[in-house]
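Comments concern the structure below.
Numbering (the working numbering), first residue to last: 1 to 167.
What follows is the structure, encoded as structure tokens:
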């Protein structure tokens with residue numbers, strides 16, 4: 001279950017958790033598991049295979065993709081999953097591999113220009129930071145992210161996401 005620091009007794013504000021390095025993957029998988037109605041994803045780099053389409057089955061990004069597809073299959077039309085991927089820079093070719101497989105799993109995917117990285121679940125939880133969805137970023141890099149439990153922050157992320165996704 002997600003552990004988010006509450007704002008404190010008698011204080012108002014979002015619940016926050018700093019998510020770094022090896023904690024990112026398990027926190028993200030737990031977060032995705034809580035989804036009931038919506039998951040929005042922005043990723044600069046989502047590498048599940050090479051440019052020729054050969055998949056990296058044991059990679060953490062592949063496991064994230066499979067989790068998204070499994071959730072969509074399990075929860076069907078009750079769970080809307082939207083993914084916005086960078087589509088113009090050097091990551092675009094590998095992102096297209098992820099996009100193709102996500103679409104086959106019933107997930108909405110749009111490609112365009114953005115360097116943003118984040119997840120928003122059910123208009124409540126937002127996970128933002130420096131982590132790309134690559135093996136390097138998820139297992140070797142020093143990355144910093146915030147998990148925020150706040151509907152106002154989630155609404156702002158959703159507004160930003162929809163600007164790029166196209167509504």
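Virtual Cβ for every residue (Gly too), placed ideally from N, Cα, C.
**Message:** Can you give me the C-alpha to C-alpha distance between residue 1 and residue 32, rounded to a whole angstrom?
**Reply:** For the purposes of this step, residue 1 is taken as residue 1 along the chain shown, with counting starting at 1. For the purposes of this step, residue 32 is taken as residue 32 along the chain shown, with counting starting at 1. Residue placement at residue 1 is poorly supported in this model, since its pLDDT is 46, which falls under 50; the coordinates are not used for a value here.
**Prompt:** Is it the case that the Cβ atoms of residue 61 and residue 133 are separated by a distance below 8 Å?
**Reply:** Locating residue 61 in the chain shown gives position 61, where the first residue counts as 1. Locating residue 133 in the chain shown gives position 133, where the first residue counts as 1. With contacts defined as CB atoms closer than 8 Å, residue 61 and residue 133 qualify as a contacting pair.
**Prompt:** Where DSSP assigns a beta bridge to residue 40, which residues make up the other side?
**Reply:** The residue given as residue 40 occupies position 40 in the chain shown. Within the DSSP secondary-structure output, residue 40 pairs in a beta bridge with 82, 120.
**Prompt:** Taking C-alpha atoms, which residue in 155, 21, 47 lies nearest to residue 141?
**Reply:** By 1-based counting over the chain shown, the position of residue 141 is 141. Checking every option, the nearest Cα to that of residue 141 belongs to 21.
**Item:** residue 139 burial status per 10 Å Cβ neighbour count (16 or more: buried)
**Value:** Here residue 139 corresponds to residue number 139 of the chain shown, with the count starting at 1. Looking at its Cβ environment, which holds fewer than 16 other Cβ atoms inside 10 Å, residue 139 is exposed.
**Request:** Leaving out five residues on either side along the sequence, give the residues of the same chain with a beta carbon under 8 Å from the beta carbon of residue 73.
**Result:** Taking the chain shown and counting its residues from 1, one reaches residue 73 at position 73. Answer for residue 73: 105, 106, listed in chain order.
**Message:** Extract the residue ranges of the beta strand (DSSP E) inside the region 88-137, only unbroken runs of 3 or more that lie entirely within it.
**Reply:** Taken in chain order, the complete beta strand (DSSP E) segments of 3 residues or longer contained in the region 88-137 are 108-112, 118-121, 125-129.
**Request:** Check whether the Cβ atoms of residue 111 and residue 87 sit closer than 8 Å, and answer yes or no.
**Result:** For the purposes of this step, residue 111 is taken as the residue at position 111 of the chain shown. For the purposes of this step, residue 87 is taken as the residue at position 87 of the chain shown. Taking 8 Å as the Cβ cut-off, residue 111 and residue 87 qualify as a contacting pair.
**Prompt:** Does the separation of the CB atoms of residue 28 and residue 68 fall below 8 Å?
**Reply:** Residue numbering aside, residue 28 sits at position 28 when the chain shown is read from its first letter. Residue numbering aside, residue 68 sits at position 68 when the chain shown is read from its first letter. Not closer than 8 Å, so no.
**Asked** Sorted by chain position, which residues of the same chain lie with C-beta nearer than 7 Å to residue 137's C-beta, five sequence neighbours on each side aside?
**Response** In the chain shown, residue 137 corresponds to position 137, counting from 1. Cβ within range, chain order: 131, 143.
**Prompt:** By how many angstroms is the C-alpha of residue 52 removed from the C-alpha of residue 145?
**Reply:** For the purposes of this step, residue 145 is identified with residue 145 of the chain shown, where counting begins at 1. For the purposes of this step, residue 52 is identified with residue 52 of the chain shown, where counting begins at 1. Their Cα atoms are separated by approximately 31 Å.
**Asked** Just how far apart, CA to CA, sit residue 57 and residue 18?
**Response** What you label residue 57 is simply residue 57 of the chain shown in a count that begins at 1. What you label residue 18 is simply residue 18 of the chain shown in a count that begins at 1. For the pair residue 57 and residue 18, the Cα-to-Cα distance works out to about 29 Å.
**Beta-carbon proximity check, residue 126 vs residue 109, cutoff 8 Å** = For the purposes of this step, residue 126 is identified with residue 126 of the chain shown, where counting begins at 1. For the purposes of this step, residue 109 is identified with residue 109 of the chain shown, where counting begins at 1. No; because the gap between Cβ atoms is not below 8 Å, this pair is not in contact.
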